[in-house]
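Asker: Let me give you the structure first, and then I'll get to my questions.
Number of protein chains: 2
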Amino acid sequence: MSVFESESRVIGAPVRELDTPALLIDLDAMERNLDLMAGRLSGARLRLRAHSKTHKSPLLARKQIERGAVGVCCQKVSEAEVMVAGGVEDILVSSEVVSPPKLRRLMALARHARLMVVVDDPRGAELLSEAAQEAGLEIGVLVDVDVGQGRCGVPPGAPAAEVGRFAGSLPGIDLRGIQAYQGKAQHVDGFEARRKVYEEATHRIRETIEEFNSAGLAIDVRSGGGTGSWRWDLEAGVLTELQSGSYLFMDAHYCSIGGPDGPVYADFGPSLFVLTTVVSAPASDRVVVDGGHKSLSSDSGWPKCVDIEAAYSAGGDEHGILTVPVGAPRPDLGETLLFQPSHCDTTINLHDNYYGIRGGMTEGRLEAVWPVSARGMVR
Amino acid sequence: MSVFESESRVIGAPVRELDTPALLIDLDAMERNLDLMAGRLSGARLRLRAHSKTHKSPLLARKQIERGAVGVCCQKVSEAEVMVAGGVEDILVSSEVVSPPKLRRLMALARHARLMVVVDDPRGAELLSEAAQEAGLEIGVLVDVDVGQGRCGVPPGAPAAEVGRFAGSLPGIDLRGIQAYQGKAQHVDGFEARRKVYEEATHRIRETIEEFNSAGLAIDVRSGGGTGSWRWDLEAGVLTELQSGSYLFMDAHYCSIGGPDGPVYADFGPSLFVLTTVVSAPASDRVVVDGGHKSLSSDSGWPKCVDIEAAYSAGGDEHGILTVPVGAPRPDLGETLLFQPSHCDTTINLHDNYYGIRGGMTEGRLEAVWPVSARGMVR
Chain G
0 MSVFESESRV
10 IGAPVRELDT
20 PALLIDLDAM
30 ERNLDLMAGR
40 LSGARLRLRA
50 HSKTHKSPLL
60 ARKQIERGAV
70 GVCCQKVSEA
80 EVMVAGGVED
90 ILVSSEVVSP
100 PKLRRLMALA
110 RHARLMVVVD
120 DPRGAELLSE
130 AAQEAGLEIG
140 VLVDVDVGQG
150 RCGVPPGAPA
160 AEVGRFAGSL
170 PGIDLRGIQA
180 YQGKAQHVDG
190 FEARRKVYEE
200 ATHRIRETIE
210 EFNSAGLAID
220 VRSGGGTGSW
230 RWDLEAGVLT
240 ELQSGSYLFM
250 DAHYCSIGGP
260 DGPVYADFGP
270 SLFVLTTVVS
280 APASDRVVVD
290 GGHKSLSSDS
300 GWPKCVDIEA
310 AYSAGGDEHG
320 ILTVPVGAPR
330 PDLGETLLFQ
340 PSHCDTTINL
350 HDNYYGIRGG
360 MTEGRLEAVW
370 PVSARGMVR
Chain Z
0 MSVFESESRV
10 IGAPVRELDT
20 PALLIDLDAM
30 ERNLDLMAGR
40 LSGARLRLRA
50 HSKTHKSPLL
60 ARKQIERGAV
70 GVCCQKVSEA
80 EVMVAGGVED
90 ILVSSEVVSP
100 PKLRRLMALA
110 RHARLMVVVD
120 DPRGAELLSE
130 AAQEAGLEIG
140 VLVDVDVGQG
150 RCGVPPGAPA
160 AEVGRFAGSL
170 PGIDLRGIQA
180 YQGKAQHVDG
190 FEARRKVYEE
200 ATHRIRETIE
210 EFNSAGLAID
220 VRSGGGTGSW
230 RWDLEAGVLT
240 ELQSGSYLFM
250 DAHYCSIGGP
260 DGPVYADFGP
270 SLFVLTTVVS
280 APASDRVVVD
290 GGHKSLSSDS
300 GWPKCVDIEA
310 AYSAGGDEHG
320 ILTVPVGAPR
330 PDLGETLLFQ
340 PSHCDTTINL
350 HDNYYGIRGG
360 MTEGRLEAVW
370 PVSARGMVR
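Have a look at this one:
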């Protein structure tokens with residue numbers, strides 16, 4: 000920890016005096032999101048399996064689990080390793096694992112947590128079976144079903160059941176059910192358009208459940224859904240686990256997805272921000288802040304300035320250029336400006352620490368510094 | 000260091016057996032780039048001031064300095080701190096520094112290295128002067144001139160000289176010259192189009208030099224240019240320092256910038272790659288690799304698959320979707336695929352380590368594991 004870091008860790012410091020760029024959590028807003036999700040799922044058959052690829056923090060995962068989440072998803076084995084080390088005991092590795100070093104690691108981890116992993120290929124099932132046998136244990140497996148995303152996954156219905164039958168017949172594999180995540184359905188713009196994509200996916204899940212049932216295959220676990228579909232997931236009743244991650248922070252992209260009726264799912268509020276400083280004010284309509292591609296991810300568009308009406312544009316790795324509308328007051332050199340990231344997951348992964356603020360983004364104070372413990376865990 | 004990491008550190012391991020995603024350097028290709036730049040600048044008045052925002056590694060910076068570089072640029076103070084700790088003794092902080100914690104840190108660092116910093120505003124100069132006086136030292140300052148990029152910087156000519164005169168009059172400031180970096184000129188597509196933008200920038204630099212000379216202001220240091228303009232920078236003779244960074248690795252974006260005559264500057268060759276594994280092969284024309292937004296940056300487009308002809312498209316944080324042309328052989332589950340990043344700087348910043356490979360990307364072996372020491376140093 001550098002002197003820099005310790006200067007940024009003065010608990011009680013006013014939010015606008017923190018060194019920048021800094022990744023901030025509005026703790027009040029985040030806790031509202033945590034409680035809202037917990038309340039909506041309370042008593043439902045659908046349990047939250049929070050996606051830890053969003054927050055990369057076992058500390059935040061435990062806050063979700065304390066409020067009723069069954070555990071977390073991890074996209075990578077190394078991410079799961081950080082979660083287990085941080086006290087998270089129930090994990091679904093939601094990506095296929097096929098390489099020998101990762102299979103060994105996965106099995107080592109399965110000794111210390113309740114672990115499931117997905118599979119979408121008979122050869123993948125064989126690799127899992129061999130690794131489990133070598134480790135002398137049995138691992139929980141979900142068949143990964145492509146319900147419309149067009150990424151990984153076996154086709155729904157009979158092909159999925161066939162992979163399930165094959166996997167379930169192998170030693171070391173405990174077939175538990177399916178993963179059916181429709182990533183595209185999370186981001187479709189407009190209520191009716193999104194519902195249509197969602198309903199197609201739901202139809203494919205039902206078809207797959209029927210095939211599993213006909214074949215006498217276990218399908219107790221049906222994991223999928225997300226922040227962009229969670230109310231439908233709750234109503235439809237086909238899933239048992241909701242893989243929502245972004246609800247915790249709500250980035251500008253999720254907040255902006257709308258339609259004729261406005262944002263489709265506006266239940267959750269933004270709670271994640273990046274604080275920057277104006278380091279140059281070279282023209283009457285332009286200022287430059289100290290946050291660029293390395294502080295604010297751009298894979299889902301530009302971040303949104305919260306403090307003033309000004310459009311952000313790329314200024315390279317470490318700068319953002321803000322165009323201030325004619326007649327609007329231009330921020331001064333040294334002033335701080337707050338941004339809502341366009342994509343929370345990839346922005347968080349750029350930072351080493353969260354700075355938790357209590358009392359709002361203007362007058363609030365630093366309450367906690369939390370490491371982004373699984374940052375960079377891409378293996 | 001996890002067990003994972005140690006599995007990936009078996010020196011001598013065949014490149015295609017490394018755990019993935021892994022950030023690879025083709026050491027032979029990188030050394031050719033290092034030597035080529037050193038050879039071209041040998042005996043010239045133009046010295047390399049390598050941009051460390053690209054590699055984030057004092058180890059690589061020292062390889063550049065051993066071959067004649069005058070030192071490095073750092074975009075951030077925290078980056079400079081890592082460079083100094085790693086034995087780099089001559090640093091230009093190429094971004095404006097205005098906030099109190101950073102100014103204190105900058106001055107603390109100036110005790111342990113030859114340090115310069117840029118300024119583009121009289122108020123910024125006052126802040127620097129105050130911090131330098133408080134620390135009881137004098138800091139080298141370059142006036143940051145906007146020669147066409149439209150980001151930071153004071154306008155060229157008289158306005159730049161006026162900031163220089165004011166800054167130079169303040170205690171604690173040692174005015175050394177100007178920074179004149181035209182970032183846009185580095186990326187203009189086509190030889191003649193780029194030359195035009197470059198010549199406009201050069202005209203503005205000359206105009207500024209004249210004004211500084213007329214006013215009797217020091218302008219021994221003129222720092223700017225880059226990988227996309229270096230031969231012109233060498234010929235034009237207006238700069239004394241070349242801020243090239245990407246020449247070391249040459250990403251897909253730099254390699255693709257072309258025109259009627261093909262790539263404008265094809266001197267340097269690609270030496271940076273990300274190794275991935277096929278984790279899903281769900282359709283005859285599609286495979287999915289384990290590298291997404293968190294392993295391969297997308298701010299400058301998609302990465303380029305080196306091994307096979309297949310278009311990469313986004314598959315989320317941790318996946319890339321590859322579309323294989325009809326009739327082409329589809330890679331198998333578990334096979335590795337190598338990618339050239341679209342933007343080296345932002346891709347490197349996602350990884351904790353470089354894996355240095357000797358003997359090529361197919362048959363080569365792991366020779367070195369080097370930390371990306373300044374990864375995440377955004378302050």
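Here the protein sequences come in this chain order: G and Z. In this text, residue positions in the first sequence follow numbering that gives the first Met the number 0: the first is 0, and each later residue adds one. In this text, residue positions in the second sequence follow numbering that gives the first Met the number 0: the first is 0, and each later residue adds one. Ideal Cβ positions, reconstructed from N, Cα and C, are used throughout, including at glycine.
In or out: G/T361 buried (at least 16 other Cβ within 10 Å) or exposed?
Answerer: Position 362 of the first sequence, counting from 1, holds the residue named residue 361 of chain G. It counts as exposed.
Asker: What beta strand (DSSP E) runs, 3 residues minimum, are completely inside the stretch 296–361 of chain Z?
Answerer: As far as the stretch 296–361 of chain Z is concerned, its whole beta strand (DSSP E) runs of at least 3 residues are 310–313, 319–322, 335–339, 352–357.
Asker: Starting from the Cα of G/G268, find the closest Cα among G/A251, G/P281, G/A282 and give me that residue.
Answerer: Start at 1 with the first residue of the first sequence, and residue 268 of chain G comes out as number 269. Closest option to G/G268, Cα to Cα, is G/A251.
Asker: Taking the beta carbon of Z/R378 as the centre, do at least 16 other beta carbons fall within 10 Å, making it buried, or is it exposed?
Answerer: On the second sequence, residue 378 of chain Z is found 379 positions in, with the first residue counted as 1. So Z/R378 counts as buried.
Asker: Taking all protein chains shown into account, decide if G/A265 is buried (16 or more other Cβ within 10 angstroms of its Cβ) or exposed.
Answerer: Locating residue 265 of chain G in the first sequence gives position 266, where the first residue counts as 1. With fewer than 16 Cβ atoms within 10 Å of its Cβ, G/A265 is classed as exposed.
Asker: Measuring straight from C-alpha to C-alpha, what distance separates G/A28 and G/S270?
Answerer: On the first sequence, residue 28 of chain G is found 29 positions in, with the first residue counted as 1. On the first sequence, residue 270 of chain G is found 271 positions in, with the first residue counted as 1. Roughly 5 Å between the two C-alpha positions.
Asker: Would you kindly work out how many angstroms separate the C-alpha atoms of Z/M319 and Z/E137, rounded to a whole number?
Answerer: Translated into the one-based positions of the second sequence, residue 319 of chain Z becomes position 320. Translated into the one-based positions of the second sequence, residue 137 of chain Z becomes position 138. At residue 319 of chain Z the sequence reads Gly, which differs from the Met that was named. Taking the straight line joining both Cα atoms gives about 50 Å.
Asker: Relative to the alpha-carbon of Z/A131, which residue among Z/R110, Z/M106, Z/S255, Z/G189 has its alpha-carbon at the smallest distance?
Answerer: Taking the second sequence and counting its residues from 1, one reaches residue 131 of chain Z at position 132. The shortest Cα separation from Z/A131 among Z/R110, Z/M106, Z/S255, Z/G189 belongs to Z/M106.
Asker: Is the beta carbon of G/D219 sitting closer than 8 Å to the one on G/G176?
Answerer: One-based indexing of the first sequence puts residue 219 of chain G at position 220. One-based indexing of the first sequence puts residue 176 of chain G at position 177. It is a contact, given that the beta carbons lie within the stated cut-off.
Asker: Within 8 Å of any Cβ in chain G, is that where the Cβ of Z/R193 sits?
Answerer: If you number the second sequence from 1, residue 193 of chain Z lands on position 194. No, because no Cβ of chain G sits closer than 8 Å to the Cβ of Z/R193.
Asker: What does the Cβ neighbour count give for G/L365, buried or exposed, with the cut at 16 atoms within 10 Å?
Answerer: Indexing the first sequence from 1 puts residue 365 of chain G at position 366. That one is buried.
Asker: Tell me which residues of the stretch 137–154 of chain G have at least one Cβ-Cβ distance to chain Z shorter than 7 Å, keeping chain order.
Answerer: Result list: D145, R150, C151, G152, V153.
Asker: CB-CB under 7 Å to Z/S372, same chain, minus the five flanking residues each way: which ones, in chain order?
Answerer: Looking up residue 372 of chain Z in the second sequence gives position 373. Cβ neighbours of Z/S372 beyond the five flanking positions: K55, S56, P57, V81, G85.
Asker: Against chain G, does Z/A214 count as a neighbour if the rule is that its beta carbon must be under 8 Å from one of theirs?
Answerer: Residue numbering aside, residue 214 of chain Z sits at position 215 when the second sequence is read from its first letter. Cβ-Cβ to chain G under 8 Å: no for Z/A214.
Asker: For Z/M0, does the count of other Cβ atoms within 10 angstroms reach 16, so buried, or fall short, so exposed?
Answerer: Position 1 of the second sequence holds residue 0 of chain Z. Because the pLDDT of Z/M0 is 47, which lies under 50, any placement of that residue in the model is unreliable, and the number read from its coordinates should be weighed accordingly. Its Cβ having fewer than 16 others within 10 Å, Z/M0 is exposed.
Asker: Between G/H350 and chain Z, is there a C-beta pair that is closer than 8 Å?
Answerer: Here the question's residue 350 of chain G lines up with position 351 in the first sequence. With 8 Å as the cut-off, G/H350 counts as an interface residue toward chain Z.
Asker: Bridge partners of Z/I177, per DSSP?
Answerer: On the second sequence, residue 177 of chain Z is found 178 positions in, with the first residue counted as 1. Partner(s): Z/V142, Z/R221.
Asker: To the nearest angstrom, how far is it from the Cα of G/E206 to the Cα of G/G156?
Answerer: In the first sequence, counting from the first residue as 1, residue 206 of chain G sits at position 207. In the first sequence, counting from the first residue as 1, residue 156 of chain G sits at position 157. Approximately 5 Å, taken between the alpha carbons.
Asker: Please work out which residues of its chain come closer than 7 Å, Cβ to Cβ, to G/E199, disregarding the five sequence neighbours upstream and downstream, and give them in chain order.
Answerer: Residue mapping note: residue 199 of chain G aligns to position 200 of the first sequence, counting from 1. These residues qualify, in order along the chain: G147.
Asker: Hey, does G/P20 have any beta-carbon neighbour from chain Z nearer than 8 Å?
Answerer: The residue labelled residue 20 of chain G in the question sits at position 21 within the first sequence. Taking Cβ atoms only, chain Z reaches closer than 8 Å to G/P20, which makes this a yes.
Asker: What is the residue span of the beta strand (DSSP E) that Z/S51 lies within?
Answerer: Indexing the second sequence from 1 puts residue 51 of chain Z at position 52. Counting along the chain, Z/S51 falls outside any beta strand (DSSP E), though it belongs to the alpha helix (DSSP H) covering 51–54.
Asker: Distance check for Z/A313 and Z/S297, CA to CA, integer angstroms please.
Answerer: Here residue 297 of chain Z refers to the residue found at position 298 of the second sequence. Here residue 313 of chain Z refers to the residue found at position 314 of the second sequence. Distance between the alpha carbons of Z/S297 and Z/A313 is about 9 Å.
Asker: Would the beta-carbon of Z/P324 fall within 8 Å of that of Z/V286?
Answerer: Here residue 324 of chain Z refers to the residue found at position 325 when the second sequence is read from its first residue. Here residue 286 of chain Z refers to the residue found at position 287 when the second sequence is read from its first residue. It is not a contact, given that the beta carbons lie outside the stated cut-off.
Asker: Please specify which runs of the beta strand (DSSP E), each continuous and at least 3 residues long, are wholly inside the stretch 10–58 of chain Z, giving them in chain order.
Answerer: DSSP runs (the beta strand (DSSP E)) wholly in the stretch 10–58 of chain Z: 21–25, 46–50.
Asker: Which word fits Z/G236, buried or exposed, when buried means at least 16 other C-beta atoms lie within 10 angstroms of its C-beta?
Answerer: Here residue 236 of chain Z corresponds to residue number 237 of the second sequence, with the count starting at 1. It is exposed - the Cβ of Z/G236 has fewer than 16 other Cβ atoms within 10 Å.
Asker: If we ignore side chains and look at the alpha-carbon of each, how far apart do Z/S294 and Z/S168 end up?
Answerer: The residue you call residue 294 of chain Z lines up with position 295 of the second sequence. The residue you call residue 168 of chain Z lines up with position 169 of the second sequence. One C-alpha to the other measures close to 48 Å.
Asker: Which residues of the stretch 85–97 of chain G have a Cβ closer than 8 Å to any Cβ of chain Z? Give them in chain order.
Answerer: Answer set for the stretch 85–97 of chain G: S94, E95, V96, V97.
Asker: Going by Cα to Cα distance, which pick from G/V97, G/Y353, G/G290, G/A309 is closest to G/S283?
Answerer: Walking along the first sequence from the start, residue 283 of chain G turns up at place 284. Per the Cα distances, G/A309.
Asker: Skipping 5 residues on each side, what residues in its chain have a beta carbon closer than 7 Å to that of Z/P13?
Answerer: Counting from one through the second sequence, the residue named residue 13 of chain Z turns up at place 14. The residues are R364.
Asker: Any C-beta of chain G within less than 7 Å: which residues of the stretch 27–58 of chain Z qualify?
Answerer: Answer set for the stretch 27–58 of chain Z: K52.
Asker: G/R194: which of G/D232, G/L321, G/F211 sits nearest, CA to CA?
Answerer: Residue 194 of chain G sits at position 195 when you count from the first residue of the first sequence. The shortest Cα separation from G/R194 among G/D232, G/L321, G/F211 belongs to G/D232.
Asker: Do you know whose CA, among G/A160, G/G315, G/V273, lies nearest G/N212's CA?
Answerer: Residue numbering aside, residue 212 of chain G sits at position 213 when the first sequence is read from its first letter. Of the listed residues, the one whose Cα sits closest to G/N212 is G/A160.
Asker: Along the stretch 327–349 of chain G, what residues have a CB closer than 9 Å to any CB found in chain Z?
Answerer: The residues in question are D331, L332, G333, T335, H342, D344, T345, N348, L349.
Asker: Check this for me: beta carbons of G/V277 and G/L336, under 8 Å apart or not?
Answerer: As a position in the first sequence, residue 277 of chain G is number 278, starting the count at 1. As a position in the first sequence, residue 336 of chain G is number 337, starting the count at 1. In contact: G/V277 and G/L336 (Cβ atoms closer than 8 Å).
Asker: So G/V92 packs on G/R61, CB below 8 Å; how close in whole Å?
Answerer: Here residue 92 of chain G refers to the residue found at position 93 of the first sequence. Here residue 61 of chain G refers to the residue found at position 62 of the first sequence. Going by Cβ atoms, the distance from G/V92 to G/R61 rounds to 19 Å, so no, they are not a contact pair.
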